[in-house]
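Just so you know, the protein sequences line up as chains A and B, in that order.
Here the first sequence is numbered in this note's numbering, starting from 5 and rising by one per residue.
Here the second sequence is numbered in this note's numbering, starting from 238 and rising by one per residue.
Quick reminder that beta carbons are idealized off the backbone N, C-alpha and C, glycines included.
These numbers come from a predicted model, not from an experiment.
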Amino acid sequence: MNNGFEVDYAKIYQTIKTGIPILGDIKITQTLIVSWIVMIIITGLCIFLTRNLKVENISKRQAFAEMLVETGNNFVRNNTGGNKFDNLIPFVSALFATSVVSNLISLIGLRSPTADLSTEAAWAVVVFVMITATKIKTNGFGGYLKGFTTPIAVMTPFNILSELATPVSMACRHFGNILSGVVIDGLIYWALGLASAALLKLIPGAVGAFLSNIPILGLGLPAVTGVYFDWFSGCMQAFIFCMLTVMYIANAAEEG
Amino acid sequence: MNEKKNAGKSVWLFIALLALFVAVLFYTGYTKSVSDDQDLVTLVPWTFIIQICNLFIQVYLIKKFLFKPINDILAKRQELADRAIREARDAQTKADSLKEQYESSLTNAHAEAAQIVSDAQREAQNKADTMVREAQEEVAGIKARAAADIEQEKKKAINEAKDEIGSLAMDIAGKVVEKEINEADHKKLIDDFLNKVGA
């Protein structure tokens, strides 16, 4: 058994050479593969939940699907105060679903796509573009530029910094939480493996040597710590990301 | 129904194929280069771009497969509920108007009944009054006739008595004077006397 601790890096399965200067080669990494699995899971779930829809006398499955949709509708409507952003509902829901499933997929042994900064950066940039587009739509391009000079012109550089900090902080917050979960889970498994190896080596002979390769202590404790580091943290970060998205966009739509 | 089942089957087939594809990728990845890892904190341009595309594809899929059907169903149910409420309200209005109609007709009937009763009472009163009056008149007539009869009888009796008394007187007188009195001569005399007494 390897006694040194190593973080679970995203593996690169295939490298497709493109020769494009800045973008570089397309790397089919674990992140992308698991992302696609996540998408398949979500879409499959959606299809499964919306089969045989009825107006009356609905099944539990349909009730659950309706609850999900109502929750999404209410989440966006309550946080923006009205029906003005109804076309944002599928986006926020997709963001939340993808985030939650990506975070929790580490529970079945796959590497979370959200433990890769590229994923969160992609989402945060999309959100940033939406915020900016909403601001420009509300105040006009001149009004948007003028917004940087409030309350006084001297504040302009700081305003630009804070504007740029929005996507960076969103991406890094989510990424940091999930990565820390991955690292801590790895550490716990590593430590428990070492501990069980040390314990089982006490059994003399070949039996002990064989059994020390099985991290028997890794059975119970990670499930308990996983409640916080995977379940709570995963759901919380997805919620925070979506909440911030809705709040920022709703704020951007206010005249200012 | 059959079409739906087929659609469901094709969806599962699609998912199975994708899973197979992913499995093959995994396998080739593991066999080819296990140690080929990405840095822990890094921004890979293509991953970044592909993830943006993935997000929008996911938005489209979730919209198509979850939000559209469910929102359609919700709207349908809303429409159904609205219609039920509307129909109930219509029925209520109709019932109210019917009730009003019934009430007004009932009031009319009451008034009519009262009218009939009062008419009947008046008629009965009239009839009774007439009957009483007629009876009274009849009684008065009978009384008057009886009184006239009595008067006549009285007169008759008096006349008879006078005649009797006259003849008696004549007999007496004849016996007294012992002579045949010419009845015819003296009759006048006695009648005059009697008339004087009777007067």
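- On the three-pair Cβ rule with 8 Å, is the region 186-199 of chain A touching the region 219-226 of chain A? These segments touch.
- Message: So, with DSSP's three-state summary, where would you put A:M5?
- Response: Against the first sequence, residue 5 of chain A aligns to sequence position 1. Confidence at A:M5 is low in this model, with a pLDDT of 42, below 50, so the placement of that residue is unreliable and no value is reported for it.
- Query: Residues in its own chain within less than 6 Å of A:Q34 by CB, not counting five upstream and five downstream?
  - Reply: Position 30 of the first sequence, counted from the first residue, corresponds to residue 34 of chain A. Closer than 6 Å at Cβ, skipping near neighbours: A14, K15, R115.
- Message: What would DSSP say about A:I341, mapped onto helix, strand or coil?
- Response: This structure cannot settle anything about residue 341 of chain A, because the visible part of chain A is limited to 5 through 260.
- So which residues on chain B does A:G48 lean against when the C-beta distance must stay under 7 Å? Taking the first sequence and counting its residues from 1, the one referred to as residue 48 of chain A is at position 44. The answer, in chain order, is I252.
- Message: Quick check: what's the CA-CA separation for A:E258 versus A:T142?
- Response: If you number the first sequence from 1, residue 258 of chain A lands on position 254. If you number the first sequence from 1, residue 142 of chain A lands on position 138. If you take the alpha carbons of A:E258 and A:T142, they lie about 7 Å apart.
- Task: Check each candidate in A:K205, A:A126, A:Y232 and name the one with the smallest Cα separation from A:S173.
- Result: For the purposes of this step, residue 173 of chain A is identified with residue 169 of the first sequence, where counting begins at 1. Among A:K205, A:A126, A:Y232, the Cα nearest to that of A:S173 belongs to A:A126.
- Message: Just to confirm my understanding: we take A:V42, look at its own chain, exclude 5 residues before and 5 after, and list those with CB closer than 7 Å. What are they?
- Response: On the first sequence, residue 42 of chain A is found 38 positions in, with the first residue counted as 1. So the qualifying residues of the chain are T102, V105, S106, I109, P117.
- Query: Does the beta carbon of B:L255 come closer than 8 Å to any beta carbon on chain A?
  - Reply: One-based indexing of the second sequence puts residue 255 of chain B at position 18. With 8 Å as the cut-off, B:L255 counts as an interface residue toward chain A.
- Query: Comparing alpha-carbon positions, which option in A:L36, A:V59, A:A254 lies nearest B:V281?
  - Reply: Counted from its first residue, the second sequence places residue 281 of chain B at position 44. When the alpha-carbon of B:V281 is set against those of A:L36, A:V59, A:A254, the nearest one is in A:L36.
- Task: Could you tell me whether the Cβ of A:G28 comes closer than 8 Å to any Cβ of chain B?
- Result: Indexing the first sequence from 1 puts residue 28 of chain A at position 24. At least one C-beta of chain B is nearer than 8 Å to the C-beta of A:G28.
- If you run the structure through DSSP and keep just helix, strand and coil, what is A:Y17? In the first sequence, counting from the first residue as 1, residue 17 of chain A sits at position 13. Strand, per DSSP.
- Answer with buried or exposed for B:V296, where buried requires no fewer than 16 other C-beta atoms within 10 angstroms of its C-beta. Stepping through the second sequence from its first residue, residue 296 of chain B is reached at position 59. Classification of B:V296: buried, given that the 10 Å Cβ count is 16 or more.
- If we ignore side chains and look at the alpha-carbon of each, how far apart do A:F245 and B:I252 end up? As a first step, residue 245 of chain A is located in the first sequence; it is residue number 241 there, counting from the start. As a first step, residue 252 of chain B is located in the second sequence; it is residue number 15 there, counting from the start. Distance between the alpha carbons of A:F245 and B:I252 is about 29 Å.
- Message: Considering only their Cβ atoms, is the gap separating B:F302 from A:I51 smaller than 8 Å?
- Response: Translated into the one-based positions of the first sequence, residue 51 of chain A becomes position 47. Translated into the one-based positions of the second sequence, residue 302 of chain B becomes position 65. Contact: yes.
- B:L280 versus chain A: which residues are under 7 Å apart at the beta carbon? Residue numbering aside, residue 280 of chain B sits at position 43 when the second sequence is read from its first letter. The contacting residues are L121, S122, A125.
- Would you list the one or two residues that DSSP bridges to A:I30? Here residue 30 of chain A corresponds to residue number 26 of the first sequence, with the count starting at 1. DSSP output for A:I30 lists A:I20 as bridge partner(s).
- Item | alpha helix (DSSP H) segment containing A:D90, residue limits | Residue numbering aside, residue 90 of chain A sits at position 86 when the first sequence is read from its first letter. From DSSP, A:D90 is part of no alpha helix (DSSP H); its letter is neither H nor E.
- The alpha helix (DSSP H) with A:P226 in it runs from where to where? Here residue 226 of chain A refers to the residue found at position 222 when the first sequence is read from its first residue. Taken as a continuous stretch (DSSP letters only), the alpha helix (DSSP H) holding A:P226 covers 225-230.
- Item | B:D274 - partner residues in DSSP beta bridges | For the purposes of this step, residue 274 of chain B is taken as the residue at position 37 of the second sequence. DSSP output for B:D274 lists A:K15 as bridge partner(s).
- Task: Identify the contact partners of B:K313 in chain A, using a Cβ-Cβ distance below 7 Å as the criterion.
- Result: Locating residue 313 of chain B in the second sequence gives position 76, counting from the first residue. The answer, in chain order, is V59.
- Query: What in chain A is Cβ-close to B:K246, meaning under 8 Å?
  - Reply: Along the second sequence, one-based indexing puts residue 246 of chain B at 9. The premise fails here: B:K246 is roughly 12 Å from chain A at the closest Cβ pair, so nothing lies under 8 Å.
- Which chain B residues are close to A:L225, counting only those with a beta carbon under 8 Å from its beta carbon? Sequence index remark: in the first sequence, residue 225 of chain A carries index 221 (1-based). Chain B residues near A:L225: none, gap ~24 Å exceeds 8 Å.
- Message: Using 8 Å as the threshold, is the C-beta distance between A:G144 and A:D12 below it?
- Response: Within the first sequence, residue 144 of chain A is the residue found at index 140, counting from 1. Within the first sequence, residue 12 of chain A is the residue found at index 8, counting from 1. No, Cβ-Cβ distance for A:G144 and A:D12 is not below 8 Å.
- Query: Quick one, are the C-beta atoms of B:M407 and B:E397 less than 8 Å apart?
  - Reply: Start at 1 with the first residue of the second sequence, and residue 407 of chain B comes out as number 170. Start at 1 with the first residue of the second sequence, and residue 397 of chain B comes out as number 160. Contact: no.
- Query: Would A:G224 pass as a contact of A:L111 if the rule is Cβ separation under 8 Å?
  - Reply: As a working note, residue 224 of chain A is residue 220 in the first sequence. As a working note, residue 111 of chain A is residue 107 in the first sequence. Between A:G224 and A:L111, the CB-CB gap reaches or exceeds 8 Å.
- Find out if the Cβ-Cβ distance for the pair B:T279, A:L121 is shorter than 8 Å. Looking up residue 279 of chain B in the second sequence gives position 42. Looking up residue 121 of chain A in the first sequence gives position 117. A contact, by the Cβ cut-off of 8 Å.
- Message: What does the alpha-carbon distance come out to for the pair A:F261 and A:Y148?
- Response: Here chain A comprises residues numbered 5 to 260, so residue 261 of chain A is not present and cannot be evaluated.
- For A:P208, count neighbouring C-beta atoms within 10 Å of its own C-beta (all shown protein chains included) and say buried if the count is 16 or more, exposed if not. On the first sequence, position 204 is the one that residue 208 of chain A refers to. By the neighbour-count rule (16 or more Cβ atoms within 10 Å), A:P208 is not buried but exposed.
- Which of the three DSSP states, helix, strand or coil, is assigned to A:R115? Translated into the one-based positions of the first sequence, residue 115 of chain A becomes position 111. Correct three-state label for A:R115: coil.
- Once you ignore the five residues that flank B:A256 on each side, which residues in its own chain have a CB closer than 7 Å to its CB? For this step, residue 256 of chain B is matched to residue 19 along the second sequence. Listed in chain order, the non-local C-beta contacts of B:A256 below 7 Å within the same chain number zero, local neighbours out to five positions each way being set aside.
- Task: Would you identify the three-state DSSP class for A:I182, choosing helix, strand or coil?
- Result: Along the first sequence, one-based indexing puts residue 182 of chain A at 178. Here A:I182 sits in helix by DSSP.
- For A:V129, name the three-state secondary structure that DSSP assigns. Here residue 129 of chain A refers to the residue found at position 125 of the first sequence. Three-state DSSP puts A:V129 in a helix.
- Mind checking whether A:T170 and A:Y252 have CB atoms under 8 Å apart? Stepping through the first sequence from its first residue, residue 170 of chain A is reached at position 166. Stepping through the first sequence from its first residue, residue 252 of chain A is reached at position 248. Yes, the pair counts as a contact, with Cβ atoms nearer than the cut-off.
- Query: Would A:F132 count as contacting chain B if we go by Cβ distances under 8 Å?
  - Reply: As a working note, residue 132 of chain A is residue 128 in the first sequence. Interface with chain B (8 Å Cβ-Cβ cutoff): A:F132 is excluded.
- For B:K269, which residues from the same chain have a beta carbon less than 6 Å from its beta carbon, with the 5 sequence-adjacent residues on both sides left out? For the purposes of this step, residue 269 of chain B is taken as the residue at position 32 of the second sequence. Its pLDDT being 48, under 50, B:K269 is placed unreliably by the model, and the measurement read from it follows with that caveat. Here B:K269 has no same chain residue with a Cβ atom under 6 Å from its own Cβ, once five neighbours each way along the sequence are excluded.
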